[in-house]
Amino acid sequence: MNQTPAYTTHHPRWYRTRVSTYWWSRKWAYFRFIVRELTSIAVAYFVVLTLMQIHALRQGAEAYAEFQEWLRRPFLITLNAISLFFVLYHAITWFNLAPKAIAARFRGKRIPDVLITASNYGAWLAVSAGLVWLLSGG
Amino acid sequence: MAETITLEVARYRPEQEMEPTFQQFEVPFRKDWVVLDALNYVKDKLDTSLSYRWSCRMGVCGSCGMMVNDEPKLTCATFLSDYMPGPVRVEPLRNFPVVRDLVIAMTDFMAKLQRVKPWLIREQEKPLSEGEYLQTPEQLDVYKQFSMCINCLICYAACPVYGLDPHFLGPAAIALAQRYNRDSRDQGSQERLDILSQHDGIWGCTFVGECTKVCPKHVDPAGAIQQYKLEATKEWFKSFLLPWGAK
Chain P
1 MNQTPAYTTH HPRWYRTRVS TYWWSRKWAY FRFIVRELTS IAVAYFVVLT
51 LMQIHALRQG AEAYAEFQEW LRRPFLITLN AISLFFVLYH AITWFNLAPK
101 AIAARFRGKR IPDVLITASN YGAWLAVSAG LVWLLSGG
Chain W
1 MAETITLEVA RYRPEQEMEP TFQQFEVPFR KDWVVLDALN YVKDKLDTSL
51 SYRWSCRMGV CGSCGMMVND EPKLTCATFL SDYMPGPVRV EPLRNFPVVR
101 DLVIAMTDFM AKLQRVKPWL IREQEKPLSE GEYLQTPEQL DVYKQFSMCI
151 NCLICYAACP VYGLDPHFLG PAAIALAQRY NRDSRDQGSQ ERLDILSQHD
201 GIWGCTFVGE CTKVCPKHVD PAGAIQQYKL EATKEWFKSF LLPWGAK
């Protein structure tokens, strides 16, 4: 045994590990989490795109037609399709997580998770149906 | 010859080595043995110098949490048979400093636990003569799940946020704060809100959700934190929109 031990009761030499930069690659659940976080970029992208659309609309009919023409480029169609996929992934995982955050109780009993998820999907469908109705001319 | 299983145990003897190494032990395999039984066998028969914590061996004391094949587990409730033919790799809980072999330093958690005031706070205690504070089964049911926490720190080992930012209050401490916030006899939620609603508190959580998955007592700390985020947001809106109504 070492004659000059570094370890004593009053000065323990603790071993500390550093978390690797690639910690999320070690486990499937961590990887899924990071993917979900990254899908937020697609959500932000659609927000910017919508703002640009509103801006074009304000500029008048000609500018809007130009904007629509720009949207028809194959590159943008591909980008938007990929982004839509990520936004759907984000939305669906969000709805599935919602019951965790809501501990609503009814008559002393906690409302089952399925009902909370279902009500979220229901609200989504209702808003989408409302939008379709509005866009198809009321 | 009786069946055996190989145990790869992390050893860290600060007086001998700069960083942990692995030592292999061949232990008998028995259907009813858990990882803790195998460690006890090593300690009794093979190497008495192995250090690890354990006490009740029945999932109540919360001492024997370790990484088993890279997953945080209560070793008293983790059967060797689930890892056959082996080997089984046993390491100290991740995200904590290692004191020796499988023993981690839990000082940080203890300080954090104290910070969230995990006890009943009353604005004014009623005199003993008035009897105990009564509670209905429904009122108990509101917080019971969170009260099951045994402070085993398995949720901290599963939480990447805690690993990356040691200032984060962490899953168990927040779940235990919620246990008291939800208690009908408690009046201290405002005091706890000031501590929990800081950046290092609930807002540090990014909802990875692993704490809930690994919890051996089904406490659901991730749920506790998200629910508290909603409550804290409501409180903030209330104080923002109704400044006269602020407590």
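Line by line, the protein sequences give chains P and W.
Just so we're aligned: 54 in our numbering is position 54 of the first sequence, and the numbers increase by one with no gaps anywhere.
Just so we're aligned: 117 in our numbering is position 117 of the second sequence, and the numbers increase by one with no gaps anywhere.
Don't be surprised by glycine CBs; every beta carbon is placed ideally from N, CA and C.
Here the structure is a predicted model, which is why all the values come from computation and not from measurement.
Exercise. Tell whether a beta-carbon distance below 8 Å holds between Leu196(W) and Ala222(W).
Key: The Cβ-Cβ distance between Leu196(W) and Ala222(W) does not fall below 8 Å.
Practice problem: Given a cut-off of 8 Å, decide if Trp14(P) and Ala248(W) are closer than it, judged by their beta-carbon atoms. | Solution: Here chain W covers residues 1 to 247 and nothing more, so residue 248(W) does not appear.
Exercise. Taking Pro72(W) and Leu93(W) to be in contact with their CB atoms under 8 Å, please state how far apart those CB atoms are, rounded to whole angstroms.
Key: Between Leu93(W) and Pro72(W) the Cβ distance is about 6 Å, and since that is below 8 Å, they are a contact.
Quiz item: Would Ala105(W) count as contacting chain P if we go by Cβ distances under 8 Å?
Solution: Closer than 8 Å to some Cβ of chain P, the Cβ of Ala105(W) qualifies, so yes.
Practice problem: Measure the alpha-carbon distance for Lys117(W) versus Phe168(W) and round it to whole angstroms. | Solution: Between the C-alpha atoms of Lys117(W) and Phe168(W) there is a straight-line separation of about 16 Å.
Practice problem: Measure the C-alpha to C-alpha separation of Tyr12(W) and Lys43(W) and round it to an integer number of angstroms. | Solution: Near 15 Å, if we compare the C-alpha coordinates of Lys43(W) and Tyr12(W).
Quiz item: What residues from chain P crowd round Pro97(W), counting only those whose CB sits closer than 7 Å?
Solution: Ordered by position in chain P, the residues that pass the 7 Å Cβ test against Pro97(W) are Trp14, Tyr15 and Arg16.
Quiz prompt | Rounded C-alpha distance that separates Leu120(W) from Leu134(W) | solution = In this structure, the CA atom of Leu120(W) is about 13 Å from the CA atom of Leu134(W).
Quiz item: Considering only C-alpha positions, which residue in the set Phe240(W), Gln114(W), Val90(W) and Asp47(W) is nearest to Val9(W)?
Solution: That would be Val90(W), whose Cα lies nearest to the Cα of Val9(W).
Self-check item: Contact with chain P by Ala222(W), beta-carbon distance below 8 Å
Solution: The beta carbon of Ala222(W) sits closer than 8 Å to some beta carbon of chain P.
Exercise. Could you round the C-beta distance between Ser20(P) and Phe46(P) to whole angstroms and report it? I think they count as a contact, below 8 Å.
Key: Actually they do not touch by this definition, with Cβ atoms about 33 Å apart.
Quiz item: So, is the C-beta of Leu140(W) closer than 8 Å to a C-beta in chain P?
Solution: The Cβ of Leu140(W) sits no closer than 8 Å to any Cβ of chain P.
Practice problem: Go ahead and pull the three-state DSSP assignment for Leu7(W). | Solution: In the three-state reduction of the DSSP assignment, Leu7(W) falls in the strand class.
Quiz prompt | DSSP state of Cys13(W) mapped onto helix, strand, coil | solution = Cys is not the amino acid found at residue 13(W); the sequence shown has Arg there. The DSSP-derived three-state label of Arg13(W) is coil.
Quiz item: Would Asn2(P) count as contacting chain W if we go by Cβ distances under 8 Å?
Solution: Low local confidence applies: a pLDDT of 43 at Asn2(P) is under 50, so the model's placement there is unreliable, with the coordinate-based value given in what follows. Interface residue, yes.
Self-check item: Close Cβ partners of Val219(W) (< 7 Å) along its chain, the five nearest in sequence each way excluded
Solution: Result list for Val219(W): Gln145, Phe146, Met148, Cys149 and Ala175, in chain order.
Quiz item: When you compare only the Cα positions, how much space is there between Arg182(W) and Tyr83(W)?
Solution: The alpha-carbon atoms of Arg182(W) and Tyr83(W) are separated by roughly 39 Å.
Exercise. Excluding the 5 residues preceding and the 5 following Arg185(W) in the sequence, name in chain order all residues of the same chain whose CB lies nearer than 6 Å to its CB.
Key: A distance below 6 Å between beta-carbons, with the five flanking residues on each side excluded, links Arg185(W) to the following residues of its chain, in chain order: Leu120 and Tyr133.
Quiz item: Run through DSSP, which three-state label would Thr4(P) get?
Solution: Any reading at Thr4(P) must be qualified, since the residue scores a pLDDT of 47, below 50, and its modelled position is unreliable; no value is offered.
Quiz item: When you compare each of Pro171(W), Glu231(W), Leu164(W) and Leu153(W) to Asp194(W) by their alpha carbons, which one comes out closest?
Solution: Just measuring C-alpha positions, the residue of Pro171(W), Glu231(W), Leu164(W) and Leu153(W) sitting nearest Asp194(W) is Glu231(W).
Exercise. From the DSSP output, in three-state form, read off Arg122(W) for me.
Key: In the structure shown, Arg122(W) adopts coil according to DSSP, grouped into three states.
Practice problem: Determine which residues of the segment 78–105 of chain P have a Cβ less than 8 Å from any Cβ of chain W, and write them out in chain order. | Solution: Answer set for the segment 78–105 of chain P: Leu97, Lys100, Ala101, Ile102, Ala103 and Arg105.
Self-check item: Chain-order list of residues whose beta-carbon lies under 8 Å from that of Ala77(W) (same chain, five-residue window excluded)
Solution: Within the same chain, Ala77(W) has close Cβ partners Val34, Gly59 and Pro216.
Quiz prompt | the segment 28–40 of chain P: positions lying closer than 8 Å to chain W by Cβ | solution = Considering only beta carbons, the part of the segment 28–40 of chain P lying closer than 8 Å to chain W consists of Ala29, Tyr30, Phe33 and Glu37, in chain order.
Practice problem: Could you say which of Gly122(P), Trp124(P) and Pro99(P) lies nearest to Pro112(P) if we only look at CA atoms? | Solution: When each option's Cα is compared against that of Pro112(P), the closest is Pro99(P).
Quiz item: Using a beta-carbon distance below 8 Å, is Val43(P) in contact with chain W?
Solution: For Val43(P), the answer is no, since every Cβ of chain W falls outside 8 Å of its Cβ.
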